[in-house]
Amino acid sequence: MAVDEMRPEVCARGHTIDVMTSRVRSHDGADSDADGPDQVEARGGYEQGYQQILAGLSLRQRRAVHQAVTSSAIEGDIPDLRSVARLADLAADRISGQQYRAEILAGIRRDEPASP
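Residue numbers for the sequence shown, in the working numbering: 840 to 955.
Okay, structure coming up:
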């Protein structure tokens with residue numbers, strides 16, 4: 840069996856994460872030259888945006904972000920690039936854990952249907 844055939848991958852929402860290399864690939868193979876996470880993702884360049892976010896982190900920070908994203912993928916969801924960028928901000932101590940949790944809760948509340 841070739842090494843590539845043994846490499847574990849996690850698939851969700853049209854993307855594949857190679858958990859050995861942190862590479863994220865869109866199934867359509869599209870890439871983009873856009874700068875911001877939202878623009879890259881909108882054009883199908885999730886891998887490029889993901890790699891740009893990780894590039895600004897130390898190895899330890901990169902591993903923490905990648906493990907969180909991989910854990911989400913195993914559960915069936917790959918976070919959008921904006922969420923990955925905020926997770927990177929948390930890993931790099933640019934935002935506090937309290938601020939990160941508050942942003943997540945605000946997003947959940949925004950997405951909840953109104954109760955009768």
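Every residue gets a Cβ at the ideal spot worked out from N, C-alpha and C, and that includes glycine.
Nothing here was measured: the structure is a model prediction, and the numbers come from that model.
Spatial distance of residue i from residue j (CA atoms)
i: Ala907; j: Leu944; result: 17 Å
i: Arg921; j: Ala903; result: 16 Å
i: Leu926; j: Glu886; result: 16 Å
i: Gly915; j: His905; result: 15 Å
i: Gln891; j: Asp928; result: 13 Å
i: Glu942; j: Gly888; result: 21 Å
i: Gln937; j: Ile913; result: 25 Å
i: Arg940; j: Arg933; result: 14 Å
For residue i, three-class secondary structure by DSSP
i: Glu914; result: coil
i: Asp787; result: The first residue shown for the chain is 840 and the last is 955, placing residue 787 beyond what the model contains.
i: Asp919; result: coil
i: Ile892; result: helix
i: Ala841; result: Only weak support exists for where Ala841 lies, its pLDDT of 43 falling under 50; the coordinates are left without a value.
i: Gly946; result: helix
i: Arg933; result: coil
Integer-rounded CB distance, given that residue j should sit under 8 Å from residue i
i: Ala924; j: Leu896; result: Wrong, their Cβ atoms sit about 11 Å apart, outside the cutoff.
i: Pro918; j: Ser911; result: 6 Å
i: Arg899; j: Leu893; result: The Cβ separation is near 12 Å, so there is no contact.
Exposed unless 16 or more other CB atoms sit within 10 angstroms - verdict on residue i
i: Ile947; result: exposed
i: Gly884; result: buried
i: Asp950; result: exposed
Same chain, Cβ closer than 7 Å to residue i, five either side skipped, listed in chain order
i: Ser935; result: none
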